[in-house]
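**Student:** Mind having a look at this structure? Questions to follow.
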Amino acid sequence: MQLITVKIDKPEATNFILGQTHFIKSVEDIHEALVGAVPGIKFGLAFCEASGKCLVRWSGTDAAMIELAQKNAQAIAAGHSFIIFLGDGFYPLNLLNAIKMVPEVCRVFCATANPTEVIVAETQQGRGILGVVDGLRVNDIEGDDDILWRKNLLRQIGYKL
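Under the numbering used here, the residue at position 91 of the sequence shown is numbered 888, and the numbers go up by one with no gaps.
In structure tokens form, the structure reads like this:
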């Protein structure tokens, strides 16, 4: 077995969701969950098929996001993994519950805009995702000024009253 890391290749501010599912029907079901959760959503979805032709299956509503999803799914190449890239102004926070409710979805590894590396195990049979490195290493404990900044930010962007 070999352990490798695959860096997610994306524009800095672009959010994505990486997960694991178990059936080819996932492409259509995840697509339906996304458009049902947020009308007008712009996204690209790619799914790594784990049997049969072992293709990267895909769907979406935005050509640039679809291309990002296809490219990154092909780089990860882990069976039954999926990756969703979200267009500007769309955020995982508004989608995660809908995605988790898709019957085929087994887990979500991350939902972030941070720089991310996917930790992949490769065997003679294929590849599997072990986990992710989401963002950077922690530097310190937040102080009073940091707490005030956090609370103000959440209110400025409309996530808290």
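From the three backbone atoms N, C-alpha and C, an ideal C-beta is built for every residue, glycine too. This one's a predicted model, so the numbers in the text were calculated from it and none came from an experiment.
List the endpoints of the continuous beta strand (DSSP E) containing Ile801.
**Tutor:** Here residue 801 is taken as the residue at index 4 of the sequence shown, counted from 1. First-last of the beta strand (DSSP E) with Ile801: 799 to 804.
**Student:** Quick one: measure Cβ to Cβ for Ala830 and Val899, integer angstroms, because I've assumed they're closer than 8 Å.
**Tutor:** As a first step, residue 830 must be located in the sequence shown, where it is residue number 33. As a first step, residue 899 must be located in the sequence shown, where it is residue number 102. So it is a contact: roughly 5 Å between Cβ atoms.
**Student:** Go ahead and label Gly857 buried or exposed: buried means 16 or more other beta carbons lie within 10 angstroms of its beta carbon, across all protein chains shown.
**Tutor:** Here the question's residue 857 lines up with position 60 in the sequence shown. Buried: at least 16 other Cβ atoms inside 10 Å.
**Student:** Which two residues bound the contiguous beta strand (DSSP E) that contains Gly816?
**Tutor:** Taking the sequence shown and counting its residues from 1, the one referred to as residue 816 is at position 19. Per DSSP, Gly816 belongs to the beta strand (DSSP E) from 813 to 817.
**Student:** Could you tell me if Leu927 is buried or exposed, where buried requires 16 or more neighbouring beta carbons within 10 angstroms of its beta carbon?
**Tutor:** Mapped onto the sequence shown, residue 927 falls at position 130. Classification for Leu927: exposed.
**Student:** What would DSSP say about Ala908, mapped onto helix, strand or coil?
**Tutor:** Here residue 908 refers to the residue found at position 111 when the sequence shown is read from its first residue. It is a strand residue.
**Student:** Could you compute how far the alpha carbon of Ala847 sits from the alpha carbon of Gly876?
**Tutor:** Translated into the one-based positions of the sequence shown, residue 847 becomes position 50. Translated into the one-based positions of the sequence shown, residue 876 becomes position 79. Those two C-alpha atoms are separated by around 4 Å.
**Student:** For Gln921, does the count of other Cβ atoms within 10 angstroms reach 16, so buried, or fall short, so exposed?
**Tutor:** By 1-based counting over the sequence shown, the position of residue 921 is 124. Gln921 should be labelled exposed.
**Student:** Does the count of Cβ pairs from the stretch 834 to 843 and the stretch 870 to 887 closer than 8 Å reach three?
**Tutor:** Touching, yes, given that three or more Cβ pairs across the two stretches are closer than 8 Å.
**Student:** I'd like to know if the stretch 933 to 951 and the stretch 817 to 826 are in contact, where contact means that at least 3 CB-CB pairs between them fall below 8 Å.
**Tutor:** The answer is no - the stretch 817 to 826 does not touch the stretch 933 to 951, with fewer than three Cβ pairs under 8 Å.
**Student:** Less than 9 Å between the beta carbons of Val915 and Leu800, yes or no?
**Tutor:** Here the question's residue 915 lines up with position 118 in the sequence shown. Here the question's residue 800 lines up with position 3 in the sequence shown. Going by C-beta atoms, Val915 is not nearer than 9 Å to Leu800.
**Student:** Kindly list the residues whose CB is nearer than 8 Å to the CB of Asn812, restricted to its own chain and excluding five residues on each side of it in sequence; keep chain order.
**Tutor:** Against the sequence shown, residue 812 aligns to sequence position 15. These residues qualify, in order along the chain: Phe882, Leu883, Phe887, Tyr888, Pro889, Ala908, Thr909, Ala910.
**Student:** So, with DSSP's three-state summary, where would you put Ala874?
**Tutor:** Locating residue 874 in the sequence shown gives position 77, counting from the first residue. Coil, per DSSP.
**Student:** Among the residues of its own chain, which have a CB less than 8 Å from the CB of Asp806, if the five just before and after it don't count?
**Tutor:** Locating residue 806 in the sequence shown gives position 9, where the first residue counts as 1. Only Leu865, Lys868, Asn869, Ala872 meet the Cβ criterion.
**Student:** Which residues does DSSP list as the beta-bridge partners of Leu842?
**Tutor:** For the purposes of this step, residue 842 is identified with residue 45 of the sequence shown, where counting begins at 1. Looking at the DSSP assignment, Leu842 forms a beta bridge with Ser856, Ile881.
**Student:** Please classify Ile896: is it buried, with 16 or more other beta-carbons within 10 angstroms of its beta-carbon, or exposed?
**Tutor:** As a first step, residue 896 is located in the sequence shown; it is residue number 99 there, counting from the start. With 16 or more Cβ atoms within 10 Å of its Cβ, Ile896 is classed as buried.
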